[in-house]
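Protein chains in written order, with the numbering used here: chain A, 2 to 111; chain B, 296 to 405. In what follows, a single structure is set out as structure tokens and then discussed.
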């Protein structure tokens with residue numbers, strides 16, 4: 002069966018510091034991978050998605066970037082965090098139209 | 296045309312009652328309509344999904360009703376239980392990207 006991991010689970014970072022969040026998927030090959038952000042009490046905002054290694058599509062202009070160095074690894078990064086980057090970051094994997102979410106990373110930027 | 300409108304924003308139901316959440320879409324190209332359940336601090340979990348070639352799908356206490364001509368679909372939770380208290384998101388897709396509704400916070404009172 003497929004499993005999706007995200008780490009860290011929680012993170013507190015100062016404004017201006019770098020960020021690296023990691024997502025890995027087990028039990029499937031060549032999945033579509035997604036990064037979402039969820040602000041407190043709000044809906045899901047798609048940030049990036051990838052259909053293959055090195056292929057990244059950005060949905061919204063922002064302070065973040067994504068990379069897919071391996072088939073089942075998806076990384077979300079920032080060079081300098083802003084206060085507005087705080088939120089709950091969710092990674093998801095999918096085949097065709099169905100998506101399955103990871104446990105999420107709670108990021109607080111102070 | 297890419298929006299999915301979800302209502303109500305919040306819902307309080309007595310234990311044993313029926314919870315009903317509604318969604319409407321504009322893009323007639325959408326061909327997959329999932330519902331997700333999210334508990335606080337957790338990633339959304341796929342609950343049930345439907346394709347437009349059927350008008351209803353039932354899994355246990357959860358039923359999706361789909362009205363293609365009205366471009367609406369709804370989630371019914373029968374015999375609602377306190378453990379069903381969560382945020383519910385509808386979504387729609389054509390291809391590998393989901394468009395999410397804003398979410399409904401359901402509270403089931405015991």
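Where a beta carbon is used, it is the ideal one built from N, C-alpha and C, also for glycine. These figures come from a predicted structure and were not determined experimentally.
Scanning chain A for C-beta atoms nearer than 7 Å to the C-beta of residue 347 of chain B yields nothing, as the closest lies near 12 Å away. Not one beta carbon of chain B lies nearer than 9 Å to the beta carbon of residue 72 of chain A. Per DSSP, reduced to three states, the secondary structure at residue 405 of chain B is coil, with no helix or strand assignment. Between the segment 331 to 343 of chain B and the segment 299 to 316 of chain B, the count of Cβ pairs shorter than 8 Å is below three; the stretches do not touch. Its chain contains 25 as the residues whose beta carbon lies nearer than 6 Å to that of residue 74 of chain A, once the 5 sequence neighbours on both sides are disregarded; these appear in chain order. Sequence-distant Cβ neighbours of residue 54 of chain A in its own chain, meaning closer than 8 Å and more than five residues away, are 69, 70, 71 and 72. Close to chain B, meaning a Cβ-Cβ distance shorter than 7 Å, is no residue of the segment 3 to 31 of chain A at all. Partner residues in a beta bridge of residue 390 of chain B, as assigned by DSSP, do not exist. DSSP places residue 299 of chain B in the uninterrupted beta strand (DSSP E) bounded by 299 to 302. Nearest C-alpha to residue 341 of chain B among B:299, B:349 and B:382: B:382. Shown here, residue 85 of chain A sits in a helix according to DSSP, grouped into three states.
Contacts with chain B (Cβ-Cβ distance below 8 Å) from the segment 95 to 108 of chain A involve 95, 97, 98, 99, 100, 101, 102, 103, 104, 105 and 107, listed in chain order. Residue environment analysis places residue 401 of chain B among the buried positions, since at least 16 neighbouring C-beta atoms fall within 10 angstroms of its C-beta.
Secondary structure of residue 9 of chain A (DSSP, three-state): coil. The DSSP-derived three-state label of residue 95 of chain A is strand. Straight-line measurement puts the Cα of residue 33 of chain A at about 28 Å from the Cα of residue 351 of chain B.
Inter-residue distance for residue 63 of chain A and residue 311 of chain B is about 45 Å (C-alpha atoms, whole angstroms). Beta-bridge partners assigned by DSSP to residue 38 of chain A: A:46 and A:90.
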